Each structure stands twice: as C-alpha cells, then as structure tokens.
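Chemist: My questions all concern the structure below.
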Amino acid sequence: MESAKKKPRGLKKSKEVPILAQTTPIEDVCDDPVRSLPDDLGAELELALEGIDNSDPDVAEVEALYKVSISKFDLNDLDSSTMLFNATVHESDKLFRTRLDETISTEPSEADNGFDTIVHKYIPSRLYLIYGSALLYLGKIAAYEEVSKDTTSYKKRKFMDSPTLHFDEALDRFETGLEKITPTENLTKSLLEIAMAKAFLEKANYVIRKARKVTDRLSTELQKTVKLAWSHYLRAEMIKETSTSRIEFAQVLLEHSEFYDDMNVCRNWILKAEEVYESLIEASTYESIESYIGLGSCQLAYVNSLFDEVEEDAEDFSDDFPKVEALRKIDS
C-alpha cells in the first residue's frame with residue numbers, strides 16, 4: 002500500500018476528502034472583481050494582447066487578463082495574482098453567459114419546415130482552457146495558504162471556496178472544453194489534456210498534504226487519480242508548442258513522488274517526470290535548458306530516494322547495492 006510520508010509540514014487535521022467529489026458552482030467573491038483592478042493595468046494588458054490570437058477579440062481580452070495574472074503569480078505577488086485570477090474567472094463566466102444569451106437566427110429553409118433555426122454563438126474550447134486554468138491557479142494558491150497556515154492572507158483575500166472545489170471546477174471546464182473541441186483546435190486539445198493532468202495532480206497533492214492519515218480507501222483513490230493524470234498527459238500532442246505546460250506538469254509530478262514511503266512507487270513517478278523532460282530535450286524545444294535542469298532534479302531525487310532507502314532500513318545497511326546504484330546514477 003502506498004502512503005504519505007510521515008513528515009507533513011503544517012498539515013491540518015480534517016475529514017477524508019474524496020478525490021472525485023461532486024461539487025457546486027463557484028460563487029464570485031464580489032459582484033464585479035474587475036472593478037477592483039488597479040488603474041494602471043491597461044498597459045500590461047495591451048502588452049499581453051500583442052502575442053495573442055485576436056481572431057476572437059472577446060476571448061483574446063480574457064486571455065490577456067489571464068497572462069497578466071500568471072506574470073504576477075510568477076513574481077510571487079499572491080495578492081495581485083489572486084485578484085487577477087478572480088477577474089479572469091469573472092470575465093470568462095460573463096462571456097459564457099453572454100454568448101449563451103446571444104443567439105443567431107438563420108433564414109428559414111424547407112429542411113426546417115419554414116421555421117427559423119436558432120443557434121448559440123460559438124464558444125471556443127480555448128475559453129474553457131483559460132477559464133479552467135484560472136480556477137486551477139486559485140486552487141493552488143488556496144491550497145498553499147491553507148496547508149502553510151497562512152491564515153492572515155487566506156482570510157484577508159476571501160476568494161476561497163475550498164481548494165478541492167476550485168480543482169474540481171477547473172477539471173469540469175477542461176473536460177467540457179475537450180468535449181466541444183473541433184478538428185481545427187489541435188493545439189488547444191493538447192493543452193487541455195495537459196491541463197487536466199495538472200489539475201488531477203494538484204488535487205492529489207493537496208489531499209495528501211491535508212490528510213492526517215492516508216487510509217487504504219484514500220490511497221486507492223489517489224493512485225487512480227494520478228494514473229488518470231498520466232493518461233491525459235499521454236494524449237497530448239505537439240510537444241514543441243506545449244513545452245511550457247509539459248514542464249509545469251513534470252514539476253508537479255516530481256513533487257508528487259516525494260509523498261510516498263514506498264520507494265519503488267516514488268521512483269516510478271520520478272522516472273515518469275524524467276520521461277517528460279527527455280521528450281522535450283529530444284524535441285529540441287526552446288525550453289531545452291530548463292528541461293536539462295528539470296532532468297537533473299529528477300536524477301537527484303532518484304539518488305536521494307536510494308540513500309533514504311538505505312538509511313531507513315538499518316538491517317540492510319550492509320547491502321551496498323542501493324549505494325552502488327545511486328553512485329552510478331550520479332556518474333551518468
């Protein structure tokens with residue numbers, strides 16, 4: 002049986018949370034989060050728009066808002082990024098509602114028995130990707146602050162339903178986007194598959210951190226969830242075009258491997274993360290340097306797992322095989 006390591010940092014005692022729990026829609030934290038955005042955001046949004054497909058201007062504007070949110074998150078500005086991710090969710094939801102309300106009436110035809118045909122305006126899967134990604138990041142921030150007991154900022158921001166709810170809602174948006182994908186949206190399809198994989202992993206990592214004890218039932222759910230994440234990752238194509246998302250997935254996967262006492266399971270997920278980085282290096286992506294660094298982190302984690310195995314079993318300390326294997330790994 003797989004179990005979480007016994008060194009949880011700042012975990013709260015809680016009830017066991019099913020991985021694939023049913024959820025309810027997320028409520029906006031205020032009527033219009035966009036109103037609370039800083040006045041000087043316009044220049045950043047204009048800059049973000051320059052590199053975005055503008056074939057659908059409404060979606061492009063939401064994507065620009067999401068890109069600025071990510072830039073704030075990467076700078077560890079959680080206050081600004083939380084506000085901007087909330088605004089992204091709000092604007093995405095507003096655009097969804099607008100397009101569902103706006104209908105297009107076509108000319109009557111004989112096939113329609115003389116009646117107008119009413120269809121909703123097109124909602125691209127790209128919008129589902131943006132919407133879900135903003136929810137995923139809100140879940141990550143909520144999980145970080147809850148597990149690290151950063152209750153001051155957690156309460157101050159007041160943006161949170163539970164992290165689990167954000168992760169589930171993100172998964173719902175990604176899944177719906179995949180259901181509505183068109184043959185021309187190959188890149189979006191691959192990005193949605195990787196986003197699904199990341200969301201499953203982030204949720205699993207949060208549940209492990211939060212759990213006081215990993216029961217057999219929870220362990221089984223976690224294993225199914227992580228395997229599901231990997232299966233979604235394998236469906237993604239277009240390696241070069243999705244390299245940034247793949248690196249993010251590998252980082253979360255490597256983080257996940259650290260939760261297992263069973264070193265064989267731990268090393269299995271380390272090797273899966275290595276596989277991701279090696280595919281990027283082989284494809285000669287723009288992020289090849291970052292991929293080499295990630296690959297080195299995987300190899301270091303693998304070596305550490307071998308030494309941990311020796312240290313945790315004093316009776317087998319005389320057996321030099323794990324140490325030899327670790328040294329060989331270093332040499333390679």
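Position 30, counted from 1, in the sequence shown is what our numbering calls 31; the numbers after and before it change by one each time, with no gaps. Just so you know, even glycine gets a beta-carbon here, dropped at the ideal spot from N, CA and C. All values reported here derive from a predicted model rather than from experimental measurement.
1) List, from N- to C-terminal side, the alpha helix (DSSP H) runs of 4 residues or more that fit wholly inside the segment 164–204.
2) Quick one: using the 10 Å Cβ neighbour count with 16 as the cut-off for buried, is Y138 buried or exposed?
3) Evaluate M84 with the Cβ neighbour count: other Cβ atoms within 10 Å of its Cβ, from every protein chain shown; 16 or more gives buried, anything less gives exposed.
4) Which of the three DSSP states, helix, strand or coil, is assigned to Y261?
5) In this structure, how does DSSP classify L50 when only helix, strand and coil are distinguished?
6) Ordered along the chain, which non-local residues of its own chain (more than five positions away) have a Cβ less than 8 Å from that of I282?
7) Would you kindly work out how many angstroms separate the C-alpha atoms of N77 and S220, rounded to a whole number?
8) State yes or no: is the C-beta of L188 within less than 8 Å of the C-beta of E242?
9) Going by the beta-carbon positions, is the gap between L301 and K273 smaller than 8 Å?
10) Give the straight-line distance between the Cα atoms of C299 and M197, rounded to the nearest whole angstrom.
11) Taking a contact to mean a Cβ-Cβ separation below 8 Å, would you say L136 touches V90 in this structure?
12) If I measure Cβ to Cβ from V277 and keep anything under 6 Å in the same chain, skipping five residues before and after, which residues do I get?
13) Between W270, I195, N206, which has its C-alpha nearest A237's C-alpha?
14) DSSP three-state call for P58: helix, strand or coil?
15) Would DSSP call E334 helix, strand or coil?
16) Between the C-alpha atoms of I182 and I124, what's the straight-line distance to the nearest angstrom?
17) Measure the CB-CB distance between I271 and S232 and report whether it falls below 8 Å.
18) Using a 10 Å radius around the Cβ and a threshold of 16 neighbouring Cβ atoms, would you call N269 buried or exposed?
19) Given a cut-off of 8 Å on the beta-carbon distance, is the pair A49 and V69 in contact?
20) Can you tell me whether DSSP reads N305 as helix, strand or coil?
21) Answer yes or no: do S126 and G52 have a C-beta to C-beta separation smaller than 8 Å?
22) Measuring only the C-alpha atoms, how far is S93 from E222?
23) State yes or no: is the C-beta of V148 within less than 8 Å of the C-beta of K73?
24) Applying the 10 Å Cβ sphere with the 16-neighbour rule, what's the burial state of N265?
25) On the criterion of 16 or more Cβ atoms from any shown chain inside 10 Å, does P1 qualify as buried, or is it exposed?
26) CA-CA distance, I142 and L79?
27) Between the alpha carbons of N1 and E62, how many angstroms are there, rounded?
28) Can you have a look at F260 and say buried or exposed, based on whether 16 or more other CB atoms are within 10 angstroms of its CB?
29) Just verifying my parser: in three-state terms, what is the DSSP assignment at K214?
30) Under a three-way DSSP split, which group does D78 fall into?
Modeler: Looking at the coordinates:
1) Counting only runs of 4 or more, we get 164–180.
2) The C-beta of Y138 has 16 or more other C-beta atoms within 10 Å across all chains shown, which makes the residue buried.
3) buried
4) Note: Y261 maps to strand in three-state DSSP.
5) helix
6) S289, S292, Y293, L296
7) 32 Å
8) yes
9) No, Cβ-Cβ distance for L301 and K273 is not below 8 Å.
10) 22 Å
11) Yes.
12) R247, A251
13) I195
14) helix
15) The structure shown has nothing for residue 334, since the chain only spans 2 to 333.
16) 10 Å
17) Their beta carbons are not under 8 Å apart, which means I271 does not touch S232 by this criterion.
18) exposed
19) yes
20) helix
21) no
22) Put simply, the backbone Cα of S93 is about 31 Å away from that of E222.
23) no
24) Answer is exposed; the Cβ neighbour count stays below 16.
25) No information on residue 1 is available, as it lies outside the stretch 2 to 333 that the chain covers here.
26) Linking I142 to L79 through their CA atoms gives a straight-line distance of about 8 Å.
27) Nothing about residue 1 can be read from this structure; the chain reaches only from 2 to 333.
28) Within 10 angstroms of the beta-carbon of F260 lie 16 or more other beta-carbons, which makes it buried.
29) coil
30) coil
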